[in-house]
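Residue numbering for the sequence shown is 841 to 936, as defined by the numbering used here.
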Amino acid sequence: MSADTVAPNGLASVGSWPDNACGGFSSWHVINNLKDASVRATVAVQRKSGSQEFNDRYVYDLKRGESNFVSCRRIKAPDGPGFYDISASLVGAQMT
């Protein structure tokens, strides 16, 4: 998983990590850094397994000071018994 990323405009941030407490699952946390405005944050999640690579985007509408915690997301690779290596990063944030 990737380290924390913060939008260049400082509106939002995301942290992600492998969650061993969940037995090989992954978790990420999207945070609205503003105390007085709503934010729409876009998170890119890249999945890799062998030669396969997929890029997904998730959009979070966060109210003032709100966050969204995605816990224990396990994504199984379709080409075998393994699981994807996952990285999540913030690719955009804007006030709504």
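C-beta: ideal position from N, C-alpha, C; glycine also.
Q | Other residues of its chain near Asn-872: CB distance less than 8 Å, five sequence neighbours each side excluded | A | What you label residue 872 is simply residue 32 of the sequence shown in a count that begins at 1. Within the same chain, Asn-872 has close Cβ partners Leu-851, Ala-852, Ser-878, Val-879, Ala-881, Leu-902, Lys-903, Arg-904, Gly-905, Glu-906 and Ser-907.
Q: Since I believe Trp-868 is in contact with Ala-928 (beta carbons under 8 Å), could you give me their beta-carbon distance rounded to a whole number of angstroms?
A: Taking the first residue of the sequence shown as 1, we reach residue 928 at position 88. Taking the first residue of the sequence shown as 1, we reach residue 868 at position 28. That belief holds up - the Cβ atoms of Ala-928 and Trp-868 are roughly 4 Å apart, short of 8 Å.
Q: Return yes when the Cβ of Val-885 is within less than 8 Å of the Cβ of Val-870, no when it is not.
A: In the sequence shown, the residue the question calls residue 870 occupies position 30. In the sequence shown, the residue the question calls residue 885 occupies position 45. Their beta carbons are not under 8 Å apart, which means Val-870 does not touch Val-885 by this criterion.
Q | Assigned exposure category for Val-883 - 16 Cβ within 10 Å defines buried | A | Position 43 of the sequence shown, counted from the start, is the residue given in the question as residue 883. Val-883 is buried by the Cβ-count criterion.
Q: Counting only the same chain and skipping the five closest in sequence on each side, list residues whose C-beta sits under 6 Å from that of Thr-936.
A: Along the sequence shown, read from residue 1 onward, the residue named residue 936 stands at position 96. If you ignore the 5 residues before and after Thr-936, its C-beta comes within less than 6 Å of the C-beta of Ser-878 and Arg-880, all in its own chain and listed in chain order.
Q. Comparing alpha-carbon positions, which option in Ile-926, Asn-849 and Val-931 lies nearest Leu-874?
A. Within the sequence shown, residue 874 is the residue found at index 34, counting from 1. Of the listed residues, the one whose Cα sits closest to Leu-874 is Asn-849.
Q. Between Glu-893 and Asp-925, what straight-line distance do the alpha-carbon atoms span, to the nearest angstrom?
A. For this step, residue 893 is matched to residue 53 along the sequence shown. For this step, residue 925 is matched to residue 85 along the sequence shown. Cα to Cα, Glu-893 sits roughly 9 Å from Asp-925.
Q | Per DSSP, cross-strand counterpart(s) of Asn-872 | A | Locating residue 872 in the sequence shown gives position 32, counting from the first residue. Asn-872 pairs with Ala-852.
Q) Roughly how many whole angstroms lie between the Cα atoms of Trp-857 and Ser-866? A) Taking the sequence shown and counting its residues from 1, the one referred to as residue 857 is at position 17. Taking the sequence shown and counting its residues from 1, the one referred to as residue 866 is at position 26. C-alpha separation (whole angstroms): 6 Å.
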